[in-house]
Amino acid sequence: MKRLMCGLAVLLAVGATVWIVRADDPLPIPKANVLPLALSDDFQFRKFTIFRNALVKPGATPLPTRELMITMERNRHVWGATTYADVQARTGQYFTFFWRAKRPADLTLRLEYRQANLKNYVEAREIYYPRARGSYTSEFAVVGSEYSMDGPITMWRAILIENQRIVALLQSRTWE
């Protein structure tokens, strides 16, 4: 029994350092202001994933995939959709960022991106983390009418902001 309690305490301690944050859908901010670059080793992006959940084009023959993981991701993102409008509202691109902070800090994770139909217009979404320390997983979703009207995301960058300074940066190869 004592061994079980010690194991549970260790599991809770490890679990407390890893935070998974999934914002419902952080809305675009009115203006993405330009910030000075002051990169720090205390903050870093570990990895990222991008998943495009696109509808099959009418008249096209859907190609079934042998990759069960892709099918599972598609099913996960449309889970609970009962009508075509629900599926349309969940169609788009999902960005997941894995990052960490070695010291406590008030951080803002910002995703800046350009979409195909908007050309060079930069849009941004932000998630605020007060007293962030440890490992985090953050997800941004550009879905629904914004995705269908403005098109897919062509270039993006993710930045961690502390005191109006960029302390960590991750960007696509096409970002200018």
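Note that our numbering has the sequence shown beginning at 1258, numbered continuously upward.
Don't be surprised by glycine CBs; every beta carbon is placed ideally from N, CA and C.
Quick caveat: nothing in here was measured; it's all calculated off a predicted structure.
Please report the distance separating the alpha-carbon of residue 1300 from that of residue 1340.
42 Å
Beta-carbon within less than 7 Å of residue 1338's beta-carbon, same chain only, minus the 5 sequence neighbours each way: which residues are those?
1344 and 1347
7 Å CB neighbourhood of residue 1283 in its chain, flanking five on each side removed:
1382, 1383, 1384 and 1397
Rounded separation between residue 1433 and residue 1362 - CA only
28 Å
Considering only their Cβ atoms, is the gap separating residue 1354 from residue 1395 smaller than 9 Å?
yes
What are the start and end residues of the beta strand (DSSP E) that includes residue 1419?
1410 to 1419
Would you call residue 1279 buried or exposed, if buried means 16 or more other Cβ atoms sit within 10 Å of its Cβ?
Because the pLDDT of residue 1279 is 48, which lies under 50, any placement of that residue in the model is unreliable, and the question is left without a value.
Cβ pair residue 1422, residue 1293 closer than 9 Å:
yes
Taking residue 1412 as the reference, give the member of 1376, 1358, 1392 and 1324 with the closest Cα.
1376
Report yes if the CB atom of residue 1369 is closer than 9 Å to the CB atom of residue 1425, and no otherwise.
no
Can you have a look at residue 1290 and say buried or exposed, based on whether 16 or more other CB atoms are within 10 angstroms of its CB?
exposed
Between residue 1308 and residue 1327, what straight-line distance do the alpha-carbon atoms span, to the nearest angstrom?
9 Å
At the level of alpha carbons, what is the spacing between residue 1276 and residue 1365?
Caution is warranted here: a pLDDT of 44 is assigned to residue 1276, below 50, making its placement in the model unreliable, and no coordinate value can be reported.
Taking 6 Å as the limit between beta carbons, can you name the residues of its chain near residue 1427, skipping five residues before and five after?
1302 and 1415
Got a sec, what are the start and stop residues for the alpha helix (DSSP H) residue 1396 sits in?
Counting along the chain, residue 1396 falls outside any alpha helix (DSSP H), though it belongs to the beta strand (DSSP E) covering 1380 to 1400.
As assigned by DSSP and simplified to three states, the class of residue 1280
With a pLDDT of 49 at residue 1280, under the threshold of 50, the modelled position of this residue cannot be trusted; read the value that follows with caution. Correct three-state label for residue 1280: coil.
Could you check what DSSP says for residue 1344 in three-state terms: helix, strand or coil?
helix
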